[in-house]
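For reference, the structure is listed below as structure tokens.
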Amino acid sequence: MNVLIVDDEPLARDRLSRMVGDLDGYRVLEPAASNGEEALTLIDNLRPDIVLLDIRMPGLDGLQVAAKLCEREAPPAVIFCTAHDEFALEAFKVSAVGYLVKPVRPESLSEALKKAERPNRVQLAALTRPAAETGGGPRTHISARTRKGIELIPLDQVIYFIADHKYVTLRHEGGEVLLDEPLKALEDEFGERFVRIHRNALVARDRIERLQRTPLGHFQLYLKGLDGDALIVSRRHVAGVRKLMNSL
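Counting in full-length UniProt numbering, the sequence shown tops out at residue 248, every number present.
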């Protein structure tokens, strides 16, 4: 995989270049770019598979570069490498594959590069197009801050959201992450794909397997992908869950 580094700081470019060079299967393209205009020119000429892109740069910033790449038929995968963590949501709106906060750790970079290889590049560019075309629909991916940096989780891999005090646990096919988003806001945005089964729980409609009553009279919902584990359904939501299951 050919990797282009875009950063206005020479030391940052050199450090990223060394880290990528230490990984098998990746080649750093030369020259690197020091601003957005250079980046677009080099992307046209060098055709990289992956771009490691800084955000704050003179002239076109990284978000503007990524937005322009989204307009192309076969754009490279974009991984933002920045000292600023406040641009994560904007980054994923322009179809970033990863968001790494400086100083970038080698293991985080390695994981982000592997993730950049998986999806089709045209699919990556189209991640947010449906929302744009419908005038602002729900996101197709959820971003979460973890020890690896910012993780991007496809919505179709989400099994449930459960609120616990100030955080929401998102369970997905690969594990769990914590979100700093209210459950109500998630329900408002994704209500067509998720259903509330408890005051603190939303589950993916297409993951529902069966509803079962326990000997004590409680209701449990079994979901595909949970390996036999079940979630409690509150009595006030049982009728709604049954109605939904009958319509599936």
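Every residue, glycine too, gets a C-beta built ideally from N, C-alpha and C.
Secondary structure at L60: coil, using DSSP grouped into helix, strand and coil.
Counting C-beta atoms within 10 angstroms of its own C-beta, P154 has fewer than 16 neighbours from the protein chains shown and is therefore classed as exposed.
Inter-segment contact for the segment 70-84 and the segment 94-101 is present: three or more beta-carbon pairs are separated by less than 8 Å.
Selection A77, A201, L170 evaluated against I50 yields A77 as nearest (Cα-Cα). Annotation: the continuous beta strand (DSSP E) that includes D164 extends over 158-164.
Here L223 is not near R205, since their CB atoms are 8 Å or more apart. Judged by beta-carbon spacing, L63 lies within the 8 Å limit of V94, meaning their Cβ atoms are closer than that value. Taking 8 Å as the upper bound for CB-CB distance, V6 and A32 are in contact here, some 7 Å apart. I55 is bridged by DSSP to nothing; it lacks a bridge partner. Residue nearest to H218 within the set E209, A144, H237 is H237 (criterion: CA-CA distance). Beta-carbon to beta-carbon, N2 and L29 are separated by about 5 Å, close enough to satisfy the 8 Å threshold. Exclusion of the five residues before and after G175 leaves no residue of its chain whose Cβ lies closer than 7 Å to its Cβ. For L109 and V20, the gap between their C-alpha atoms comes out near 8 Å. The three-state reading of DSSP puts T140 in coil, since its state is none of H, G, I, E or B. Scanning D164, R242, D229, N35 for the CA closest to the CA of P182 turns up D164. Membership of T214 in any alpha helix (DSSP H) is not indicated, and neither H nor E is assigned to it by DSSP. For the 8 Å CB-CB criterion, V177 and L211 do not form a contact. Every alpha helix (DSSP H) of 4 residues or more that sits fully in the segment 31-55 is shown, in chain order, as 36-46. Between R199 and S143, the gap from beta carbon to beta carbon reaches 8 Å or more. When secondary structure is reduced to three states using DSSP, R171 falls in the strand class.
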